[in-house]
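The structure appears right after this line, and notes come after that.
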Amino acid sequence: MSTPTTWRYKDLTSIERLTREEIETVHHYAAQFKKSLDRSQKKLPTLRGKTVINLFIEPSTRTRVAFEIAAKRLSADVTTIEEAASSLVKGESLRDTAEVIQALNADLIVIRHRSAGSADYLGKLLDIPVINAGDGAHEHPTQALLDTFTMKERLGSLEGRKVVILGDILFSRVARSNIWALKKLGAHVTLCGPATLVPEGFRSMGCEINYNLRAALADADVVMLLRIQHERQASTHFPSVGEYKALYSLNEERASWLKPNAIIMHPGPVNRGVEIDSALADSPQSVILEQVTNGIVTRMATLFLCLTKANELRNAQAAPQQ
Amino acid sequence: MHFPQVDSETLDAALDKLSSELKSFLQPKAHVALVGIANGGIPLARLLAERMGGNIPVGVVNSSFHRDDVTLKLLPTNFALTDLDFEIDGATIVLVDDVFATGRTVRAALNELFDYGRPEEVRMATLVDIGQKKLPLQPDFVGLYLELEPGQKVKVCLSADDASAHTIELEASSKSFA
Numbered sequence: 052m053s054t055p056t057t058w059r060y061k062d063l064t065s066i067e068r069l070t071r072e073e074i075e076t077v078h079h080y081a082a083q084f085k086k087s088l089d090r091s092q093k094k095l096p097t098l099r100g101k102t103v104i105n106l107f108i109e110p111s112t113r114t115r116v117a118f119e120i121a122a123k124r125l126s127a128d129v130t131t132i133e134e135a136a137s138s139l140v141k142g143e144s145l146r147d148t149a150e151v152i153q154a155l156n157a158d159l160i161v162i163r164h165r166s167a168g169s170a171d172y173l174g175k176l177l178d179i180p181v182i183n184a185g186d187g188a189h190e191h192p193t194q195a196l197l198d199t200f201t202m203k204e205r206l207g208s209l210e211g212r213k214v215v216i217l218g219d220i221l222f223s224r225v226a227r228s229n230i231w232a233l234k235k236l237g238a239h240v241t242l243c244g245p246a247t248l249v250p251e252g253f254r255s256m257g258c259e260i261n262y263n264l265r266a267a268l269a270d271a272d273v274v275m276l277l278r279i280q281h282e283r284q285a286s287t288h289f290p291s292v293g294e295y296k297a298l299y300s301l302n303e304e305r306a307s308w309l310k311p312n313a314i315i316m317h318p319g320p321v322n323r324g325v326e327i328d329s330a331l332a333d334s335p336q337s338v339i340l341e342q343v344t345n346g347i348v349t350r351m352a353t354l355f356l357c358l359t360k361a362n363e364l365r366n367a368q369a370a371p372q373q
Numbered sequence: 467m468h469f470p471q472v473d474s475e476t477l478d479a480a481l482d483k484l485s486s487e488l489k490s491f492l493q494p495k496a497h498v499a500l501v502g503i504a505n506g507g508i509p510l511a512r513l514l515a516e517r518m519g520g521n522i523p524v525g526v527v528n529s530s531f532h533r534d535d536v537t538l539k540l541l542p543t544n545f546a547l548t549d550l551d552f553e554i555d556g557a558t559i560v561l562v563d564d565v566f567a568t569g570r571t572v573r574a575a576l577n578e579l580f581d582y583g584r585p586e587e588v589r590m591a592t593l594v595d596i597g598q599k600k601l602p603l604q605p606d607f608v609g610l611y612l613e614l615e616p617g618q619k620v621k622v623c624l625s626a627d628d629a630s631a632h633t634i635e636l637e638a639s640s641k642s643f644a
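The listed protein sequences derive, respectively, from chains A and B. Just so you know, we're using the working numbering here: the first sequence kicks off at 52 and counts up by one. Just so you know, we're using the working numbering here: the second sequence kicks off at 467 and counts up by one.
Structure below.
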């Protein structure tokens, strides 16, 4: 079935502002790029001559490396800047750093930053496209795009599917972006976890909230586990990791409450034995490593779309007025 | 110059000519395939394979990401993905497209094809050559030639079941290459 291609922005800073058609456009391109992963020559010349800068002001393995590989697979030149090795530690502002990157003739910035809104700020400030690789607890749009792409690969359409997001919702940018994406794609989203980490306010995003794990998992097509961030929640949001594990960790018995063909997802890094039993994380139901692979192709799609849109906008500005 | 009106009979005769020439060319070779360039070349490749006896493998190449204007505008989502379900190395491949215009699509298709392997030989077959080439490439097998004004292009619709339903229409050209 043919759907119209649509992409309105030079930047990708949030899922909230995207339409369903734009999310599906990313998935369509990701599917095309995925074909290139299977062949001996994995590189495409599509972004030859473009320079992509990864500005990572927060630790990351999967996202940073996936963006690097994605840019390289499209033949772009890519440089990664991390906080410790940047002038930010000397007191330079984010704005100045970003403007320097633009002045160095970069064509696109991928930014991860601990402050919500940082990507949006740079997108408005700069002429070149900006892609949000995670901004505080706000959004992680490419994670939601790869997650929904993975779900569609396994389950087909997400219309009417039940997706349970389990764990730390409160602090999770992954949860927020996924909720936006899933709702736009027609899925039913149920949130579950300790009440301190699953605030009632999320109902306003169109989610169901269920603190009873068995009821939440019943007939679910997908369960998406979120990392328990020991550094924050252990001391303040629930009594102990042991209690969290006893109440919310996914084990074989609890996984049997899902639909038989349901899939288990986790954006990583996984705390084995806390969010999920190790054997279950490696089981055929788990698509955790597929998510990682799909992280490359969905990021290839977003790099391609943002740079193409930037070219379109530039050409439209340069065209003589009729 | 006026666009010459081509009826379905003429198109069917062009299909016959193409399939006969391709059959003669490919018959002595051991390892052959037709590869339709997405999207217009796909139904043509299938029709030609059928007229040649139906036992020749048919694949698809999507050359979109090798095109020289790829980042200038979004691609349509209805483009078929590259699908080459046979050995490329050492094969004689005939790239098939409904219309040969500037040659840029063929250049991109060759690059896509070579990303999958190293064919022994690659040839190009087209139903219609509209005489607008801008690269040092040309089809080896041509159903019919049409001379169009600069900027004009044609749209070919082929029917798998009904030869009288084949059509070719004159279209206003966009700036993008064909």
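Positions of the beta carbon are idealized from the N, C-alpha and C atoms, including for glycine. Being a predicted model, the structure only gives us computed values, none of them experimental.
For a cut-off of 8 Å, the C-beta gap from Asp219/A to Gly244/A is around 7 Å, short enough to register as a contact. In the three-state reduction of the DSSP assignment, Met316/A falls in the strand class, which pools E and B. Here Phe552/B carries a coil assignment [DSSP, helix/strand/coil]. Contact annotation: in the segment 348-359 of chain A, residues whose CB is within less than 8 Å of a CB in chain B are Phe355, Leu356, Leu358, Thr359.
Interface residue (Cβ-Cβ distance to chain B less than 8 Å): Asn156/A is not classified as such. If you keep only unbroken beta strand (DSSP E) runs of at least 3 residues inside the segment 582-637 of chain B, you get 587-595, 607-611, 618-623. In this structure Ala122/A is in contact with Val103/A, their Cβ atoms being roughly 4 Å apart against a cut-off of 8 Å. In this structure, the alpha-carbon of Val214/A lies about 32 Å from that of Leu106/A. Here Gly569/B carries a coil assignment [DSSP, helix/strand/coil]. Scanning the segment 68-139 of chain A from its first residue to its last, the whole alpha helix (DSSP H) runs of 4-plus residues come out as 71-88, 113-124. For Glu210/A, same chain residues with a beta-carbon under 8 Å away, outside a window of 5 residues either side, are Leu236, Gly237, Ala238 in chain order. In the DSSP annotation of this structure, the continuous segment of the alpha helix (DSSP H) that includes Gly346/A starts and ends at 339-369. By the beta-carbon neighbour count (other beta carbons within 10 angstroms, threshold 16), Asp555/B is exposed. Leu541/B carries a coil assignment under DSSP once its states are collapsed to helix, strand and coil. Glu303/A is classed as exposed because its beta carbon has fewer than 16 other beta carbons within 10 Å across all chains shown. For Glu637/B, the closest C-alpha among the options Asp564/B, Leu484/B, Asp628/B, Val622/B is that of Val622/B. The three-state reading of DSSP puts Val274/A in strand, counting E and B together.
Within the DSSP secondary-structure output, Lys203/A pairs in no beta bridge. Along the segment 529-547 of chain B, going in chain order, the ones with a CB nearer than 8 Å to a CB of chain A are Ser530, Phe531, His532, Val536, Thr537, Leu538, Lys539, Leu540, Leu541, Pro542, Thr543, Asn544, Phe545, Leu547. The beta-bridge partner set that DSSP reports for Asp563/B consists of Thr592/B. Ranking Leu264/A, Ala195/A, Tyr172/A, Val240/A by CA distance to the CA of Tyr299/A puts Leu264/A first. Taken in chain order, the complete alpha helix (DSSP H) segments of 4 residues or longer contained in the segment 193-264 of chain A are 224-235. The DSSP-derived three-state label of Leu63/A is strand. Under the Cβ criterion (8 Å, minimum of three pairs), the segment 194-205 of chain A does not count as touching the segment 158-172 of chain A. Taking every protein chain shown into account, the CB of Arg584/B has fewer than 16 other CB atoms within 10 angstroms, so this residue is exposed. Contact between the segment 499-518 of chain B and the segment 562-569 of chain B is present: 3 or more CB-CB pairs across the two stretches fall below 8 Å. Residue environment analysis places Leu159/A among the buried positions, since at least 16 neighbouring C-beta atoms fall within 10 angstroms of its C-beta.
In the three-state reduction of the DSSP assignment, His164/A falls in the strand class.
Gly324/A is the residue among Gly324/A, Thr247/A, Asn261/A, Pro311/A whose C-alpha sits nearest the C-alpha of Gly293/A. Assigned with DSSP and collapsed to three states, Asn521/B falls in coil, not helix or strand.
Annotation: Asp328/A to Leu248/A spans about 21 Å, alpha carbon to alpha carbon. Distance from the Cα of Leu614/B is smallest, within the candidate group Lys599/B, Ala479/B, Val524/B, Thr543/B, for Lys599/B. For Thr76/A, the closest of Thr349/A, Ala367/A, Arg305/A by C-alpha to C-alpha distance is Thr349/A. Within the DSSP secondary-structure output, Asp186/A pairs in a beta bridge with His164/A, Glu190/A.
Inter-residue distance for Pro96/A and Leu538/B is about 14 Å (C-alpha atoms, whole angstroms). Residues of the segment 581-593 of chain B with a Cβ closer than 8 Å to any Cβ of chain A, in chain order: Asp581, Tyr582, Gly583.
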